[in-house]
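There are 2 protein chains.
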Amino acid sequence: MDITILAVGKIKDRSYLQKTEEYAGRIRHDARLETVEIRDADPETEGEKITSHCRRGNARGNARIIALDERGKLFSSSEFAQQLSADSRRVIFIIGGPFGLSEEVKKTAHELLALSRMTFTHEMARLLLLEQIYRAISIIKGRKYHK
Amino acid sequence: MDITILAVGKIKDRSYLQKTEEYAGRIRHDARLETVEIRDADPETEGEKITSHCRRGNARGNARIIALDERGKLFSSSEFAQQLSADSRRVIFIIGGPFGLSEEVKKTAHELLALSRMTFTHEMARLLLLEQIYRAISIIKGRKYHK
């Protein structure tokens, strides 16, 4: 599995940073994981950088681009795992900043995924996504992973 | 607002502990907040303790009991805020342990709330709930609170 996370903004909070690095480390036992941080700006400027990264990441047309959006599709953890295991190709996740994603980014994405109907901070969304990717790998590999 | 969180198990991870305490501190500027930790056991033993706490907390029949459950109702953050502000009485949230909530607890609750369709760790669920309560208070008070 080859996973890229395109995220607007940095994780500044030390506790979140520690936890995201912990999950990233666990994921890297089983998958390639790259995180690209896009500098905070207006959604259009951010959007251009995101779509340009997506174009490069999907140059061979083999990547699945999934943007996080509250109004997107809701998955259970096992449905999310099923989807990730079905996508043997590259997966690019996009996490917007405080002002959301531009229309261009939403159009570039193959899928809009909602972690929840609730609004989370950008840092929490990154943490949750990593935890769900790690959980998905554990489900795919049939490993025990405590709630 | 008078909020009680009945949670099975302790938060052991230092990063999660730090963040939950941070949000709890922020919530306490505007609301009474108490957290009661129930010792990990089987769902039935945990359930008896939870329902006994609920009975005491709702002795005057003025508390709203909300249990967190993946199969519960999904709210947006503003719907959640609306509900919290409508419940001027006491609110008791219940967060189960790794083995979930007993049927007795689900029956005791007035409502089952889903933070997401995804499964989170117990510690993450506690952090998310606190963040959403803090966000709800910010929405009710009309304060700016960054995503």
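Heads up: the sequence lines are chains A and B, in that order.
Going by the numbering used here, the final residue of the first sequence carries number 147, and the count climbs one at a time with no gaps.
Going by the numbering used here, the final residue of the second sequence carries number 294, and the count climbs one at a time with no gaps.
Quick reminder that beta carbons are idealized off the backbone N, C-alpha and C, glycines included.
Here the structure is a predicted model, which means the values were calculated and not measured.
Cβ-based neighbour list, residue i, same chain, cut-off 6 Å, excluding 5 preceding and 5 following
i: A:Lys10; result: Glu37
i: A:Lys19; result: Leu127
Outcome for residue i when other beta-carbon atoms lying within 10 angstroms are tallied against a minimum of 16
i: A:Gly97; result: buried
i: A:Lys144; result: exposed
i: A:Arg55; result: exposed
i: A:Arg117; result: buried
i: A:Ala59; result: exposed
i: B:His269; result: buried
i: B:Gly204; result: buried
Contact set for residue i: own chain, Cβ-Cβ below 8 Å, skip 5 residues either direction
i: B:Tyr281; result: Tyr170, Arg173, Ile174, Tyr292
i: B:Lys159; result: Glu270
i: A:Asn62; result: Arg89, Arg90
i: B:Asp177; result: Met148, Ile284, Lys288
Within 7 Å, strictly: CB atoms of residue i and residue j
i: A:Glu46; j: A:Thr4; result: no
i: B:Ser232; j: B:Ile287; result: yes
i: A:Arg32; j: A:Asp2; result: yes
i: A:Pro43; j: A:Ser138; result: no
i: B:Phe227; j: B:Ala283; result: yes
i: B:Ser162; j: A:Ser15; result: yes
i: A:His53; j: A:Leu17; result: no
Spatial neighbours of residue i in its chain, beta-carbon cut-off 7 Å, leaving aside the 5 residues before and after
i: A:Val105; result: Gly47, Ile50, Thr51, Ala67, Ile94
Cβ-heavy atom distance, residue i to the ligand ADP, below 6 Å
i: A:Glu21; result: Among the components modelled here there is no ligand, and therefore nothing to report on the ligand ADP.
Contact the region 126 to 135 of chain A vs the region 206 to 220 of chain B: 3+ CB pairs below 8 Å: no
When Cβ atoms are compared, which residues of the region 155 to 174 of chain B fall closer than 9 Å to chain A? Asp160, Arg161, Ser162, Tyr163, Leu164, Gln165, Lys166, Glu169
Listed from N- to C-terminal order along the chain, which residues in the region 98 to 129 of chain A have their beta-carbon within a distance smaller than 9 Å of any beta-carbon of chain B? Pro98, Phe99, Gly100, Ala114, Leu115, Ser116, Arg117, Met118, Thr119, Phe120, Thr121, His122, Met124, Ala125, Leu127, Leu128
Are three or more beta carbon pairs between the region 108 to 119 of chain A and the region 252 to 260 of chain B nearer than 8 Å? no
Using a Cβ cut-off of 9 Å, which residues of the region 59 to 80 of chain A contact any Cβ in chain B, in chain order? Glu70, Leu74, Phe75, Ser76, Ser77, Ser78, Glu79, Phe80
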